[in-house]
Amino acid sequence: MPTFAFKAHDKRSNKEISDSVDAPNQMEAIAAIKRLGYLPIEVKESKGKSGKVGARPGEKKGFTFSFGGGIKPAVVTLFTRQLSTLQDAGLPIVQSLQILTNMQRPGLFKASLGKVTDEVQSGTMLSEAMSRFPKIWDRLYTNLVKAGETAGALDVILRRLAEFREKSQRLKKKVVGALIYPIAVLTIASSILTFIMVFIVPKFEQIFKELGITLPDLTLFLIGFSRFMSNWWWALLIALVGFIIFVKVFRQTEKGGNIVDRILLRLPVLGGIIKKSSVARFTRTLGTLVTSGVGFLDALEITKSATPNIVVRNAIADVRESVKEGETINEPLRRSGVFDDIVVNMIKVGEETGELDKMLIKIADTYDEEVDSAVAAMMALLEPALIVFMGGAVGFIVIALFMPLIKIIEELGKQTG
């Protein structure tokens, strides 16, 4: 009868154990392990005393080839949720990965997941196999998986990780969704105004020339601006594209990114949303890592690398240095100017009571709600502002074009009278 080596979580001692069991097949082996009161993590058929369990003849451990660009975060989040469900049901990790690999559509993610499955089947830790694809499973992800493997609670960590990613994506969608409406309206409005300035106003200018009337200053200004738009629209387009490229390149530098991010944080309304979402992301990431058993210094380093805003990233770096020297974490956060006093004080209370992880998650939940409120407030403010802008622009054009026509009508009325 075949012998199956297994790794399992002992619910009584809350530890991971390694042992072997005799069974006719893998499914019977899993059933036997469950009857012993263990939660199977990995079950492989032994291939000989000297051979590695589950290893293929001539197969080398590890590979260095890595790919995985262009994969949507939502795909990885769904995979995490599904893997968490399968692990919670007690399936071995290899079998879970094989099931999920077969479920994927052909493409980069399926190929990468297949490589990870092969690696895990050959004896590599899941976190180590995933770390070979940093564009799919980033450092935050693999460190949480590693913490779950070490604690023998992979299903719990995967569920927590899935919840973390889902909440982070919802937060991102809220901020992006809030920007789509005003950008779309401004784009359409600019296109309409550009069409009027380039094609409609010149026709009125020609009519005014033929009539030979003296034009008001407002009309002359509109015609002059129309000529500028007609002659130099290409230069304005190049300048706009050049400015966007310059900002992107400038932001990639440490100094430039710090300047741009500080400006973004100080923008009216939008700056408040960015600030609140940055705080929510920082506290949720750090809280999830600490709750999962990752060391605090390592958690701060991982959180820093996962933070896009340089101002917040620098604050996290200061916090790490402060903690490394044995000091508290609240003062560096206060000095950054990003974190409100209430956040700093809540973190201080959490640090003093020994419940920092719970306090961080509580802050993240609170700021998620505040982002919702801030987005709603911004939309309520933007809608009338955009209407006023469009009405003012169109009204200015109409008045400037009709003032000469009104003057002509008045002169005709005097002549006929």
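Be aware that the sequence shown starts at 6, since it is given in this note's numbering, and climbs by one per residue. Built from N, CA and C at the ideal position, the CB exists for glycine as well.
Spatial neighbours of residue i in its chain, beta-carbon cut-off 7 Å, leaving aside the 5 residues before and after
i    : result
E171 : T82
Q344 : Reading off the sequence shown, one finds Phe at residue 344, where the question assumed Gln. V284 and L338.
L386 : V274
L88  : S101, L105 and L163
A37  : V26 and A28
L216 : I413
E375 : K281
L213 : It is Phe, not Leu, that sits at residue 213 in the sequence shown. So the list reads L220 and P409, once near-sequence residues are dropped.
L131 : I98, V125, V150 and E154
Residue i to residue j span [Cα, whole Å]
i    : j    : result
V121 : P97  : 15 Å
L275 : A183 : 9 Å
I180 : T293 : The sequence shown places Val at residue 180, rather than the Ile named in the question. If I take the Cα positions, the gap works out to 22 Å.
R289 : I243 : 41 Å
N236 : F230 : 10 Å
L365 : V380 : 22 Å
E168 : F204 : 53 Å
M202 : K177 : 37 Å
L291 : E360 : 13 Å
A94  : R175 : 27 Å
A398 : T371 : 40 Å
R79  : M135 : A small correction: the amino acid at residue 79 is Ala; Arg does not occupy that position in the sequence shown. Approximately 17 Å between the Cα atoms of the pair.
E154 : D373 : 30 Å
T106 : K115 : 6 Å
S23  : T8   : 13 Å
P139 : G42  : 36 Å
A13  : F287 : 33 Å
T333 : D346 : 15 Å
G396 : M384 : 18 Å
K77  : E357 : 40 Å
N148 : I402 : 60 Å
M488 : E388 : Only positions 6 to 422 of the chain appear in this structure, which leaves residue 488 out of reach.
S196 : G128 : 59 Å
L145 : A311 : 7 Å
E50  : G112 : 30 Å
R110 : F233 : 52 Å
N314 : V246 : 23 Å
D143 : I35  : 31 Å
G342 : T90  : 41 Å
T199 : G261 : 33 Å
E415 : I185 : 47 Å
L241 : M108 : 49 Å
G355 : G331 : 17 Å
R61  : E124 : Unreliable placement is indicated for R61, whose pLDDT of 34 sits below 50; the coordinate value is still reported in the next sentence. Taking the straight line from one Cα to the other gives about 11 Å.
V393 : W238 : 25 Å
Bounding residues of the alpha helix (DSSP H) (the contiguous stretch that carries residue i)
i    : result
S173 : L159 to F200
K214 : V206 to L216
N148 : R144 to A156
Q103 : I98 to M108
A244 : D222 to Q257
M135 : L131 to M135
I279 : L275 to T296
T308 : F301 to S310
P78  : P78 to D93
E124 : L113 to Q126
Contacting residues, own chain, Cβ-Cβ under 6 Å from residue i (five flanking each side not counted)
i    : result
G300 : none
T219 : none
L406 : F209
G298 : A152 and A156
T296 : D362
Spatial neighbours of residue i in its chain, beta-carbon cut-off 8 Å, leaving aside the 5 residues before and after
i    : result
Q325 : Checking the sequence shown, residue 325 turns out to be Arg, not Gln. Contacts found: L302, L305, E306 and K309.
L391 : P187, V190, L191 and A194
R165 : L149, T293, T296 and S297
V328 : F301, L302, L305 and I334
L118 : F84, L102, L105, T106 and Q109
V206 : L227, I228, S231, I402 and L406
Legend entry - Any 3 or more C-beta pairs closer than 8 Å across the stretch 255 to 271 and the stretch 349 to 359: no
Inset, instruction - Would you be able to state if there are at least three C-beta pairs under 8 Å between the stretch 270 to 282 and the stretch 147 to 160? - result: no
Inset, instruction - Check whether the stretch 334 to 345 touches the stretch 308 to 324, counting contact only when three or more Cβ pairs, one atom from each stretch, lie closer than 8 Å. - result: yes
Inset, instruction - Flag this pair as touching only if the stretch 211 to 231 and the stretch 251 to 259 have three or more C-beta atom pairs under 8 Å; answer yes or no. - result: no
Inset, instruction - Could I get the ranges of all uninterrupted alpha helix (DSSP H) runs contained in the stretch 313 to 350, with 4 residues as the minimum, in chain order? - result: 315 to 329 and 335 to 341
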